[in-house]
Amino acid sequence: MTRLAFFKNRVVPLDQARVSIMTHAFNYGTGVFEGIRGNWNPDEQKIFIFRMPEHYERFKASCRILRIDISYSVDDLCEITKDLVARNGFREDIYIRPIAYKASEAIGVKLHGLEDDLAIFVTPLGPYLEGDAGIRACTSSWRRIDDTMIPARAKVTGLYVNSALAKTEANENGFDEAILLTSDGHVSEGSGENIFLVMKGKLVTPAVTDNILVGITRDTVIRLAADELGIETVERSVDRSELYIADEVFMTGTAAHVTPVVEIDRRPVGDGRVGPITRRLMDLYFAVIRGQNPKYLSWCTPVAPTLASV
Ligand SMILES: Cc1ncc(COP(=O)(O)O)c(C=O)c1O
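Below you can see the structure in the form of structure tokens.
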């Protein structure tokens with residue numbers, strides 16, 4: 617099976633989708649990307665791509681922030697992606713990575729007057745955080761980059777150095793994930809996830825103005841909590857100390873799904889086990905993303921793998 621990518625406006629074998637070491641984005645981090653999941657449904661023998669148009673809307677917004685001009689509409693991007701997923705032929709959970717970037721082979725730190733390009737690849741991806749029984753997190757000594765520095769609502773490649781510093785520090789100190797605070801000390805998000813607290817039967821999550829990526833899983837959980845469980849979400853600034861008194865904490869992300877956090881800074885969250893509201897949201901979420909809940913099928917784009925190649 618030849619793996620395929622979308623590169624320079626056409627589908628090519630993945631090993632031919634290569635850029636020069638002089639590429640602007642490689643040197644200066646001037647790209648934006650998305651992470652979209654396709655979830656294998658064995659009964660239907662199809663991959664269900666989850667909330668693809670919403671991911672491409674955010675992709676286009678990231679492009680606007682970084683002054684990247686790609687000619688494709690959200691509909692075009694969805695069609696290209698469906699075709700690529702089908703032709704790659706994977707029969708397992710996948711991750712789709714669109715990336716738009718400053719493609720000029722040029723020295724010079726700027727955004728204007730450069731060529732832009734788009735690439736999309738697909739790769740198998742199982743669980744990102746091994747977290748069914750809950751993960752152990754720490755607050756990071758690294759602070760989340762502010763909107764006035766590099767906007768976190770845009771998924772900018774260079775911004776992920778901030779996440780990588782925090783993640784490696786956390787892992788090397790024996791934790792599974794880092795929780796980054798804003799420069800004024802409020803809870804922002806994980807290295808690649810949004811964060812929720814359960815407090816007195818409500819969900820509390822940092823506001824979009826606290827330098828978070830405005831997560832699509834975050835939105836999914838807010839809607840499932842309201843519509844299926846009658847649970848309200850409060851979006852507001854969250855103090856670090858609230859992490860220590862929350863009844864439950866969980867993280868959300870396309871890669872991480874809904875992951876319970878059972879320990880923060882070596883303190884147990886609640887009774888140190890996965891809480892009941894987190895568990896109910898996980899159960900709902902995992903059925904929804906695999907196209908197993910008819911009520912939310914409009915969030916899924918089913919794609920049958922084919923054996924066709926280039
Ligand atoms: C920094 C950061 N925050 C939050 C998220 C969660 O966003 P989403 O649920 O749209 O994947 C991600 C994942 O892409 C991320 O990288």
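To convert, count from 1 in the sequence shown and add 616; that's the working numbering.
The beta-carbon is built from N, C-alpha and C at its ideal position, and this holds for glycine as well.
Beta carbon of S779, beta carbon of G817: below 8 Å?
No.
Measuring CB atoms only, is the stretch 837 to 855 touching the stretch 892 to 900, in the sense that at least three cross pairs come out at less than 8 Å?
Touching, yes, given that three or more Cβ pairs across the two stretches are closer than 8 Å.
May I have a chain-ordered list of the alpha helix (DSSP H) segments no shorter than 4 residues that lie completely inside the stretch 780 to 864?
If we require 4 residues or more, the alpha helix (DSSP H) runs fully inside the stretch 780 to 864 come out as 832 to 845 and 858 to 861.
Is there at least one non-hydrogen atom of ligand 1 closer than 7 Å to the beta-carbon of L829?
It does: the Cβ of L829 is within 7 Å (strictly closer) of some heavy atom of ligand 1.
Taking V874 as the reference, which of G888, F675, R883 and A841 has the closest Cα?
Out of G888, F675, R883 and A841, A841 has the C-alpha closest to the C-alpha of V874.
Of the residues R883, L734 and V701, the one placed nearest D709, counting alpha carbons only
V701 is the residue among R883, L734 and V701 whose C-alpha sits nearest the C-alpha of D709.
Where does V926 sit, in a helix, a strand or coil, going by DSSP?
Residue placement at V926 is flagged as unreliable, the pLDDT there being 46, under the threshold of 50; the coordinate-derived value follows with that caveat. DSSP places V926 in coil when its eight states are reduced to three.
Would you say the beta carbon of N655 is closer than 7 Å to some non-hydrogen atom of ligand 1?
The answer is no for N655.
DSSP state of I917, grouped into three classes?
It should be noted that the sequence gives Thr, not Ile, for residue 917. Reduced to three states, the DSSP call for T917 is strand.
Neighbourhood of F706 by C-beta distance below 8 Å, restricted to the same chain and skipping five residues each side:
Within the same chain, F706 has close Cβ partners G654, W656, I663, V738, P740 and P921.
If I follow the unbroken beta strand (DSSP E) through S720, where does it start and stop?
Neither: S720 is in no beta strand (DSSP E) and is coded neither H nor E.
Is the stretch 751 to 767 in contact with the stretch 720 to 728, if contact means three or more CB pairs nearer than 8 Å?
With a cut-off of 8 Å, the stretch 720 to 728 and the stretch 751 to 767 do not count as touching, because too few Cβ pairs lie within range.
Answer yes or no: the CB of R839 versus the heavy atoms of ligand 1, is any distance below 7 Å?
No, ligand 1 has no heavy atom inside 7 Å of this Cβ.
Name the residue from P658, R769 and P918 whose alpha carbon lies nearest to the alpha carbon of V824.
That would be R769, whose Cα lies nearest to the Cα of V824.
Have a look at N625, V865 and T836 and flag the residue whose alpha-carbon is nearest the alpha-carbon of Y912.
Distances from the alpha-carbon of Y912 to those of N625, V865 and T836 put T836 closest.
Flag S678 as yes when its Cβ comes closer than 7 Å to any non-hydrogen atom of ligand 1, and as no otherwise.
Taking 7 Å as the cut-off, the C-beta of S678 does not count as close to any heavy atom of ligand 1.
What separation, rounded to the nearest whole angstrom, lies between the Cα atoms of P629 and L693?
In a straight line, the C-alpha of P629 is about 19 Å away from that of L693.
Inter-residue Cα distance where the pair is T784 and C754
For T784 and C754, the gap between their C-alpha atoms comes out near 12 Å.
Got a sec: does ligand 1 put a non-hydrogen atom nearer than 7 Å to the Cβ of S857?
S857 Cβ: outside cutoff for every heavy atom of ligand 1.
Given P876 as reference, the closest of T868, G742 and N625 once Cα atoms are compared:
The candidate whose alpha carbon is nearest that of P876 is T868.
Contact under 8 Å by Cβ, N833 with G647
Asn is not the amino acid found at residue 833; the sequence shown has Thr there. Cβ atoms of T833 and G647: not closer than 8 Å.
Is any non-hydrogen atom of ligand 1 found closer than 7 Å to the C-beta of G808, if you look at the structure I gave you?
Yes; taking the cut-off as 7 Å, the Cβ of G808 has a heavy atom of ligand 1 nearer than that.
What is the residue span of the beta strand (DSSP E) that N576 lies within?
With the chain represented from 617 up to 926, any question about residue 576 goes unanswered, as that position is not in the structure.
For R674 versus E695, is the C-beta spacing smaller than 8 Å?
No.
Unbroken alpha helix (DSSP H) runs of length 4 or more, entirely within the stretch 630 to 716: which are they?
For the stretch 630 to 716, whole alpha helix (DSSP H) runs of length 4 or above, ordered along the chain, are 640 to 644, 668 to 681 and 690 to 704.
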